[in-house]
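Visitor:
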Amino acid sequence: MRLFRKIADTFLFGNIFVAICAYFLTLQDFYFLGKVALINPLALFVFFSTLFVYNYRKFFFASKDLTPPFTQRGAWVFKNRHILGFLTAFALIGILLTFWRLSMPTLLLLGPCFLLSIAYASNLSNNKFSNWRLRQIPFLKIFLVAIVWTLVTVVLPILETDFQSIFSIKTAFSCLTRFLFIFAITIPFDVRDIAIDRNNLIKTLPTAFGEKKSILLACCVLLVFSMINIWSLEFVIENEHSMAIGKAISGIISLIFVSQSSATSSDQYVSFWLEGLMIQQFILIGMLQYI
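Take any residue in the sequence shown, note its place counting from 1, add 120, and you have its number in the working numbering.
#1: Could you check the C-alpha separation between V197 and K261 for me, to the nearest Å?
#2: Kindly indicate the opening and closing residues of the alpha helix (DSSP H) around Q401.
#3: Could you work out which residue in F167, T297 and H202 is closest to F179 when comparing CA atoms only?
#4: Counting Cβ pairs, one atom from each stretch, are 3 or more of them under 8 Å apart for the segment 121-138 and the segment 160-178?
#5: How long is the line joining the alpha carbons of L444 and L264, rounded to whole angstroms?
#6: Is it right to say A368 is buried, meaning 16 or more other beta carbons lie within 10 angstroms of its own, or is it exposed?
#7: Have a look at P225, L162, K155 and F152 and flag the residue whose alpha-carbon is nearest the alpha-carbon of I140.
#8: Using DSSP with H/G/I as helix, E/B as strand and the rest coil, what is Q380?
#9: If we require 4 or more residues per run, which alpha helix (DSSP H) segments fall completely within the segment 328-361?
#10: Secondary structure at K261, three-state DSSP: helix, strand or coil?
#11: In angstroms, rounded to a whole number, what distance separates the CA positions of M347 and T291?
#12: So which of A142, L230 and Q192 has the shortest CA-CA distance to R125?
#13: Compute the Euclidean distance between the alpha carbons of Y174 and L235, then round it to the nearest angstrom.
#14: Using only the alpha-carbon positions, how far apart do L153 and I127 sit?
#15: May I have the straight-line CA-CA distance separating R298 from T270, to the nearest angstrom?
#16: Do F165 and P225 come within 8 Å of each other at the CB atom, strictly closer than that value?
#17: Determine the direct distance from the alpha carbon of T324 to that of L276, and round the result to whole angstroms.
#18: Tell me which residue opens and which closes the alpha helix (DSSP H) that L132 is part of.
#19: Kindly examine the ligand PLP and report whether one of its heavy atoms sits closer than 7 Å to the Cβ of S362.
#20: In the structure shown, what three-state DSSP assignment does I423 receive?
#21: Helix, strand or coil: which one does DSSP assign to L394?
#22: Let me confirm a value: E354 is counted as buried when at least 16 other C-beta atoms fall within 10 Å, else exposed. Which label applies?
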């Protein structure tokens with residue numbers, strides 16, 4: 121039992137699970153339309169990049185980000201920095217092995233996304249009295265996360281598979297719905313971190329408007345997300361109906377899980393059930409596709 125707990129903690133707190141979520145979210149729209157295979161160079165690159173960025177921040181800045189009393193995740197990070205170091209190195213090797221398989225347009229967009237992610241995690245000042253980061257710009261945190269995830273999981277696959285449609289209404293619609301979904305399921309993470317963000321003087325939606333109003337906002341955004349996908353059934357071609365319905369159902373399921381989150385939610389609830397909402401969307405669409 122203790123061995124299983126150690127493996128589960130490494131899977132969640134070592135950010136392997138969120139990297140898997142990013143992998144399937146990148147594949148989602150294109151795998152079910154038959155445009156890419158399940159094992160795909162871009163999705164693998166996104167997996168390794170997510171694993172690198174998330175663990176890079178924890179490995180190099182944990183001592184500055186985390187202060188006692190530690191959450192379960194924080195305690196794991198301090199006790200297992202050697203595992204974080206290994207995962208960071210492993211992810212970097214994966215990035216180097218997969219990036220050369222990508223097209224030039226994809227690489228040109230990946231550069232800014234990758235730099236933004238690193239800048240978001242890193243201190244942008246060498247002054248020992250100042251540890252300023254992008255995330256300290258008021259309310260930028262959640263928008264930056266949602267924008268980068270949208271670019272990586274929607275725009276990059278389009279650049280790889282159907283460059284001609286990059287400026288189409290369909291692409292704009294996909295970006296809008298993905299942004300809304302990521303924005304909504306990210307709010308509970310800010311709610312969980314409300315005490316840490318207040319301590320670090322980082323202004324987020326929960327620190328500005330409170331826990332309950334922020335969760336209500338997330339639920340409203342997910343409701344809008346589902347309604348937009350239902351509305352889109354009037355316009356999408358027939359073989360995309362299951363995708364729209366799957367996303368709409370996913371939005372309602374996500375709303376239920378988000379509504380149950382709070383500042384006292386366990387790290388397991390946030391890191392597994394909320395991050396796992398990305399995978400449940402993939403699974404739902406897959407089930408509807410083959411019914």
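Ideal Cβ positions, reconstructed from N, Cα and C, are used throughout, including at glycine.
Since this is a predicted model, take the numbers as computed values, not measurements.
Guide: Let me lay it out:
#1: C-alpha separation (whole angstroms): 22 Å.
#2: Residues L397 to Q409.
#3: Taking only the C-alpha atoms, the option nearest F179 is H202.
#4: A contact is defined here as three or more CB-CB pairs under 8 Å, and the segment 121-138 meets this definition with respect to the segment 160-178.
#5: As shown, the chain starts at 121 and ends at 411. That puts residue 444 outside it, with no answer to give.
#6: Under the 10 Å beta carbon count, A368 is surrounded by 16 or more other beta carbons and is classified as buried.
#7: Answer by Cα proximity: L162.
#8: Coil.
#9: Whole alpha helix (DSSP H) segments, 4+ residues: 331-351.
#10: Here K261 carries a helix assignment [DSSP, helix/strand/coil].
#11: Near 18 Å, if we compare the C-alpha coordinates of T291 and M347.
#12: Closest by alpha carbon: Q192.
#13: So the two alpha carbons sit approximately 13 Å from each other.
#14: Cα-Cα distance, rounded: 35 Å.
#15: Whole-angstrom Cα-Cα distance: 6 Å.
#16: Cβ distance not < 8 Å, so P225 and F165 don't count as in contact.
#17: Cα atoms of L276 and T324: separation of roughly 28 Å, rounded to the nearest angstrom.
#18: Counting along the chain, the alpha helix (DSSP H) containing L132 begins and ends at R122 to F133.
#19: Absent from the structure shown: the ligand PLP. Ligands present: none.
#20: Within the shown structure, residues of the chain are numbered from 121 to 411, placing residue 423 beyond reach of any answer.
#21: If DSSP states are grouped into helix, strand and coil, L394 belongs with the helices.
#22: Exposed.
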